[in-house]
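Below is one structure; the comments refer to it alone.
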């Protein structure tokens, strides 16, 4: 069966520090991968998505970046964190691009920037 | 651009009663999918139910059913026989066909459901 992992589960970082969040998927090949951010009590905002190794599309301008060094690995990074980067970060995967292909979410990383 | 609107920030229901969570959407696509996810306080996103734009029957999954009214562009979630464990945030989401959008999900702002004993 397929599983998706995210780490760390929680993170507290000072403003201006770097960031690296990792997401890995097991049990499937060539998944579409997505990074979402959720502010407290709000909906999910899509940050990045990838349909293949090395292919990254950005949805919103920001100081975050994403990379996909391997088929089932998706990394979210920042060189210098801002207070506004605080939030709950969710990684998701799907297979196929048809409307009925649901996305499966990881457990999330709760990031607090102080 | 796609848009999902959930107009109910919070809803309350008595245990064992039914509750309807509203969702309206806006898209110019003919082929799209509508999803409902549940997010408990732990933060995980749990898939509940899916409705395709060409599906003629309303989707059902156990106690969950989707009241799909295409002409009105609404996809309301109905939870029957509410349980205390149903207390959570509920998100409506839409996914259009592939192409340049790559099947991205657009989410509404969510509705917090509280089930009272």
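Protein chains in written order, with the working numbering: chain A, 31 to 144; chain B, 54 to 170.
Beta carbons are placed, not taken as given, at the ideal position from N, Cα and C, and that holds for glycine.
It should be emphasised that the depicted structure is a prediction, and the values quoted were computed from it without experimental measurement.
Interface partners of residue i on chain A, CB under 9 Å
i, result
"residue 179 of chain B", "Outside the shown range of chain B, which is 54 to 170, sits residue 179 of chain B, and nothing can be said about it."
Partner residues on chain B for residue i, Cβ-Cβ distance less than 7 Å
i, result
"residue 120 of chain A", "98"
Closer than 8 Å at the beta carbon, the chain B residues around residue i
i, result
"residue 124 of chain A", "156"
"residue 57 of chain A", "Those do not exist, as residue 57 of chain A stays about 16 Å from chain B at its closest Cβ, beyond 8 Å."
Among the options, the one whose alpha carbon lies nearest that of residue i
i, options, result
"residue 144 of chain A", "A:64, A:67, A:82 and A:42", "A:42"
"residue 45 of chain A", "A:136, A:112 and A:89", "A:112"
"residue 135 of chain A", "A:128, A:51 and A:63", "A:63"
"residue 160 of chain B", "B:126, B:146, B:63 and B:169", "B:146"
"residue 142 of chain A", "A:118, A:55 and A:51", "A:118"
"residue 59 of chain B", "B:162, B:93 and B:100", "B:162"
"residue 99 of chain A", "A:56, A:82, A:114 and A:87", "A:82"
"residue 30 of chain A", "A:39, A:49, A:33 and A:32", "Nothing can be reported for residue 30 of chain A, as the shown portion of chain A is limited to 31 through 144."
"residue 84 of chain B", "B:68, B:170, B:104 and B:142", "B:104"
"residue 101 of chain A", "A:67, A:57, A:140 and A:31", "A:57"
"residue 47 of chain A", "A:128, A:116 and A:132", "A:116"
"residue 128 of chain B", "B:102, B:64 and B:165", "B:102"
"residue 15 of chain B", "A:130, A:73 and A:138", "Absent from the structure is residue 15 of chain B, since the part of chain B shown begins at 54 and ends at 170."
Boundaries (first-last residue) of the beta strand (DSSP E) holding residue i
i, result
"residue 102 of chain B", "99-105"
"residue 56 of chain B", "56-58"
"residue 117 of chain A", "117-124"
"residue 86 of chain B", "85-92"
"residue 159 of chain B", "158-160"
"residue 144 of chain A", "No beta strand (DSSP E) holds residue 144 of chain A; DSSP gives it neither H nor E."
Closer than 9 Å at the beta carbon, the chain B residues around residue i
i, result
"residue 72 of chain A", "162 and 163"
"residue 138 of chain A", "95, 96, 97 and 98"
Closer than 7 Å at the beta carbon, the chain A residues around residue i
i, result
"residue 103 of chain B", "130 and 132"
Listed by chain order, chain A residues near residue i by CB distance under 8 Å
i, result
"residue 144 of chain B", "73 and 74"
Contacting positions in the region 82-96 of chain B - beta carbon closer than 7 Å to chain A: Answer set for the region 82-96 of chain B: 84, 85, 86, 88 and 96.
Alpha helix (DSSP H) runs wholly inside the region 101-147 of chain B, at least 4 long, in chain order: If only uninterrupted alpha helix (DSSP H) runs of at least 4 residues are considered, none is enclosed by the region 101-147 of chain B.
Starting from the N-terminal side, write out each stretch of the beta strand (DSSP E) that is 3 residues or longer and does not extend beyond the region 53-94 of chain A. As far as the region 53-94 of chain A is concerned, its whole beta strand (DSSP E) runs of at least 3 residues are 62-68, 74-82 and 85-88.
Near-chain B residues of the region 96-115 of chain A (beta-carbon distance less than 9 Å), N- to C-terminal order: Residues of the region 96-115 of chain A with a C-beta less than 9 Å from any C-beta of chain B: none at all.
Relative to chain B, which residues along the region 37-68 of chain A have a C-beta separation below 9 Å, given in chain order? Of all residues in the region 37-68 of chain A, only 62, 64, 66 and 68 place a beta-carbon less than 9 Å from a beta-carbon of chain B.
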